[in-house]
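Mapped onto the numbering used here, the consecutive letters of the sequence shown carry residue numbers 494 to 765.
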Amino acid sequence: MAPAALRQPCRCSRQHGAPGLSRVPARIVGVTCRRAVLCGLVLFRLAGAACAADAPAPPLHDGEPPVDLAPQAADRPLDFDIPAQPLGDALKRYAALTRQPALFRSEILGELTSSAVRGLYSPDAALRLLLDGTGLVAEKVHTGSGVTLSLKAAGAAATAPRASGLGSLDGYPGLVQAQVWEALCDNARTRPGTYRSLLRFEVDATGQLRRPRLLGSTGDAARDAAMVETLQRVHLAQSPPPDLPQPLTLLVLPTDSRGGTRCRGAAASEAS
């Protein structure tokens with residue numbers, strides 16, 4: 494069952510920056526995001542576990558193995574040697590050691606500096622030390638690939654705060670989310686609702702999605718392949734801004750039968 498914060502209705506639209514969208518929150522680099530932005534589809538930047546957003550994205554369909562998102566045991570001590578440094582860099586080092594990739598909105602990190610972490614600590618204890626003095630705390634979200642982390646301000650509500658946009662991209666991420674969601678909904682094999690997945694892809698100058706791949710399986714190999722095929726056919730209505738951070742990462746979250754938004758026509762097909 495999806496967390497309560499995910500069971501919120503929303504309307505999908507292809508209109509650029511449409512009011513029906515909770516304008517794209519997040520990028521990924523850090524800890525848990527509990528809010529479904531576009532009907533269970535959330536756009537982030539991702540760092541850690543050999544899949545840092547600032548590095549070339551690892552191809553998962555050209556003979557290389559999938560990214561290992563399986564976390565280390567949460568209570569097993571690990572030997573940390575992370576000096577105080579810009580928080581984004583520290584989170585990448587933490588994720589590489591613990592295999593816990595991190596989701597975060599880049600603006601939440603600002604100019605924050607991590608605390609140093611040296612010695613034997615459990616991953617949870619090390620993360621608390623790393624964030625000490627930053628005013629941020631981490632939450633966990635369990636995906637089909639394992640555990641992912643998301644950052645929020647200490648004392649904030651349990652759900653990630655709504656963001657007014659992704660940098661200065663003027664709602665383009667909302668367009669990406671809307672059209673990817675529509676494409677997944679249009680294919681019965683990929684229709685969201687019962688699975689979690691992390692998707693990664695790039696957008697070329699014409700708006701065509703390129704090099705789509707899954708950062709871990711949905712639990713169904715046939716669905717995994719269908720998702721890649723579906724994403725390969727997505728052509729966005731507008732070309733991307735030249736400063737769009739790439740590759741893009743999308744978190745697909747399950748919906749809930751008691752009110753969460755589902756693909757158009759899903760309820761009717763279930764009732765028939």
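Backbone N, C-alpha and C define an ideal beta-carbon position, used for all residues, glycine too.
query: Check leucine 620 in the structure and name its three-state DSSP category.; result: helix
query: According to the neighbour-count rule (16 or more other Cβ atoms, all chains shown, within 10 Å of its Cβ), is glutamate 722 buried or exposed?; result: exposed
query: By how many angstroms is the C-alpha of leucine 702 removed from the C-alpha of proline 616?; result: 35 Å
query: Within 8 Å: the Cβ of tyrosine 688 and any heavy atom of the ligand COA?; result: You won't find the ligand COA in this model; it holds no ligand whatsoever.
query: Rounded to the nearest angstrom, what separates aspartate 713 and lysine 585 at their Cα positions?; result: 29 Å
query: What residue range is occupied by the uninterrupted beta strand (DSSP E) comprising glutamate 695?; result: 690 to 696
query: Reducing DSSP to helix, strand and coil, say where glutamine 701 ends up.; result: strand
query: Taking C-alpha atoms, which residue in Ser607, Leu707, Asp717 and Thr748 lies nearest to asparagine 627?; result: Before going further, note that residue 627 is threonine rather than asparagine in the sequence given. Measuring from the Cα of threonine 627, the nearest candidate turns out to be Ser607.
query: Let me make sure I understand the geometry here. Which of Ser732, Tyr587 and Lys633 has the alpha-carbon closest to that of tyrosine 614?; result: Tyr587
query: Could you tell me how far apart the beta carbons of glycine 700 and leucine 729 are, in whole angstroms, since I believe they sit closer than 8 Å?; result: 4 Å
query: Taking just the CA atoms, how far does leucine 629 sit from alanine 609?; result: 15 Å
query: Would the beta-carbon of leucine 724 fall within 9 Å of that of valine 669?; result: no
query: Using DSSP with H/G/I as helix, E/B as strand and the rest coil, what is glycine 626?; result: coil
query: How is arginine 611 classed by DSSP in three states: helix, strand or coil?; result: strand
query: First and last residue of the alpha helix (DSSP H) that includes aspartate 572?; result: It is not in any alpha helix (DSSP H) - aspartate 572 instead sits in the beta strand (DSSP E) that spans 571 to 575.
query: Is it buried or exposed for proline 735, if we count other Cβ within 10 angstroms and need 16 for buried?; result: exposed
query: In the DSSP assignment, find the unbroken beta strand (DSSP E) run with leucine 746 in it and report its ends.; result: No beta strand (DSSP E) contains leucine 746, which DSSP labels as neither H nor E.
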